[in-house]
Amino acid sequence: MTQHHSRRLWIAVCAVGLILGTGAPLTLVGAEGDFPRASPKEVGLSAERLERIGGVLQRAMDADTISGAVTLVARRGKIAHFEAHGLMDIEGSRPMALDTIFPIASMTKPVTGVAVMMLVEEGLVRLTDPVSKFIPALADPQMAVWTGDRPPRGADAPEPYTIPAAAEITIRHLMTHTSGLGSGGAGTRGTQRVAPRDTSGTVGDWARLLGDAPLDFHPGTHWAYSGLAGIDMLGRVVEVASGLSFDEFLHQRIFEPLGMHDTAFFPAKANADRVVTLYRRSENGLRRVDVPGWVDTRTFFSGGGGLWSTAEDYLQFAQMLLNKGELNGTRLLGSRTVELMASNHVDDLYAEAGTTGGRPGLGFGLTVRTVDDAVLAQDAQSTGSFGWSGAFGTTFWVDPKENLTAILMVQTPGGPLRGDFANAVMQSIVD
């Protein structure tokens, strides 16, 4: 296995590198216009230092922790680094390509956040609205309470009892993971029993069942990651408020205006050869795995983790956020709205959430992590940066201070790669 991907592979990058090395700008077809490229020097980056990104990826491939990746760095509105590394499919010895399509899992969440904020701007949704305004089944929630101390994970314990929740779930609670809905606490057993997530149906079907699911805590009192239920319900809110199915709303209002033609809830059949193969680590190296059921669906449009995309496509979305809501003359959000999304809405709840949350210096905005104090957080990203990651290893962030966005697309979760990538990107800044 190692012999297939122990060396670094650039697909359609060598020629680009020659062009960038001359300092001559190159354009990349993207959103309704051309996304420009520049040599690293033109945008205050070191070409030599950017090569360290490849070194990070090479070490990960040599260690059999990944089979390949696509990396992209843009600064001042121009792409300075865009490379494909390793293999997209080990068994077929298929090299990774710049236009490889990845399941982006929770990197779907900020897209859902933008969709909601578009409706907030239009006056159709308020952050303070109870979710039950759009999903009546979620009215009058109950909260689960352990009998005695919370048992260790996996231990047998009496069934929790329920009490009325102290508050209704609001749109803001869902967007900040402070709702207590399906977030792995005392209510988990009851949620799994009364509201199993059936991806052969629709999010609307699940929403009706979740009305009987007990919450893990009183809304607004804790931060706990509602990886699917909370943000999936935001997708349902978009459907009810807009009158469009969630996939239609994203296609019409976000993807088409931004030129994200390869982003969807399932890859088009014509693009099957561009879809990455998924792997997990094992004692014997990387093991191929099937697309999990929570992603492999044609009917359940998950705002929490259902999208597939490419690095180039997601750049359009990230750059729109960096531009405070606009890309190439197309404005999705007002600048103040993007600033609101990227602000910490949970005080210290995220920093204090332990293994399920962040650490001091980090906060959580509206579907994105925020860096409130980079030194305190010991984070490579600048104070004021925001972004999120996905369950298959992908990550992105927007850095307004440095006018930079970076994207890592990979198909194997876990490990230190995200942090190493962030360090390699940020150390390349030389102006």
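Residue numbers for the sequence shown follow my numbering, beginning at 7 and rising by one.
Note that CB positions come from ideal geometry on N, CA and C, so glycine has one too.
**Q.** the ligand MG heavy atom lying under 7 Å from the CB of Phe108
**A.** In terms of ligand content, the structure shown is empty, and the ligand MG therefore cannot be addressed.
Q.
Using C-beta distances below 6 Å, list every residue in its chain close to Phe88, excluding the 5 sequence neighbours before and after it, in chain order.
A. Leu78
Q) What number of angstroms, rounded off, separates the C-alpha of Phe140 from the C-alpha of Met102? A) 43 Å
Q.
If you reduce the DSSP assignment to three classes, tell me which class Pro164 lands in.
A. coil
Q: Look at the alpha carbon of Lys47 and the alpha carbon of Ala53, and state the distance between them as a whole number of angstroms.
A: 7 Å
Q. Tell me the DSSP bridge mates of Val281?
A. Ile107
Q) Would a C-beta distance cut-off of 8 Å place Asp238 and Gly190 closer than the cut-off? A) no
Q) Going by beta carbon distance, what residues of the same chain come within less than 8 Å of Val151, once the five residues before and after it are set aside? A) Only Pro166, Tyr167, Thr168, Ile169 and Ala192 meet the Cβ criterion.
Q) Looking at the structure shown, is Arg424 part of a helix, part of a strand, or coil, going by DSSP? A) helix
**Q.** Proximity of Thr114 and Gly421 at Cβ, strictly below 8 Å
**A.** no
**Q.** Residues that Pro101 bridges to, as DSSP identifies them
**A.** Leu93
Q.
I need the straight-line Cα distance from Asn290 to Ala69, nearest angstrom please.
A. 12 Å
Q | Thr227 - DSSP class collapsed to helix/strand/coil | A | coil
Q: Jot down the residue ranges of each uninterrupted beta strand (DSSP E) in the segment 327-392, minimum 3 residues, whole runs only, in chain order.
A: 368-370 and 375-377
Q: Sort out for me which residues DSSP pairs Ala412 with in a bridge.
A: Val79 and Trp403
(Q) Using CA atoms only, rank isn't needed, just tell me which of Glu127, Ala86 and Tyr356 is closest to Gly340. (A) Glu127
**Q.** Nonlocal neighbours in the same chain, by C-beta distance under 6 Å from Phe252, ignoring five residues either side
**A.** Result list for Phe252: Gly241, Val244, Glu245 and Phe307, in chain order.
Q.
Please tell me whether Leu327 and Val404 are closer than 8 Å, where the distance is taken between their beta carbons.
A. yes
Q | DSSP state of Ile141 mapped onto helix, strand, coil | A | coil
Q) Under a Cβ-count criterion, where at least 16 other Cβ atoms within 10 Å of its own Cβ denotes burial, should Thr305 be classed as buried or exposed? A) exposed
Q) Residues in its own chain within less than 6 Å of Asp296 by CB, not counting five upstream and five downstream? A) none
Q) Per DSSP, Phe88 forms a beta bridge with which residues? A) Leu78
Q) So, helix, strand or coil for Gly39, using DSSP? A) Confidence is the limiting factor: at Gly39 the pLDDT is only 36, short of 50, which leaves the residue's position unreliable, though a coordinate-based value still follows. Coil.
Q.
Can you list, in chain order, the residues of its chain with a C-beta nearer than 7 Å to that of Leu125? Leave out the 5 residues immediately preceding and following it.
A. Around Leu125: Val131, Val244, Ala247 and Ser248.
Q) Could you check where the alpha helix (DSSP H) with Val49 kicks off and where it finishes? A) That residue, Val49, is in no alpha helix (DSSP H); it is neither H nor E in DSSP.
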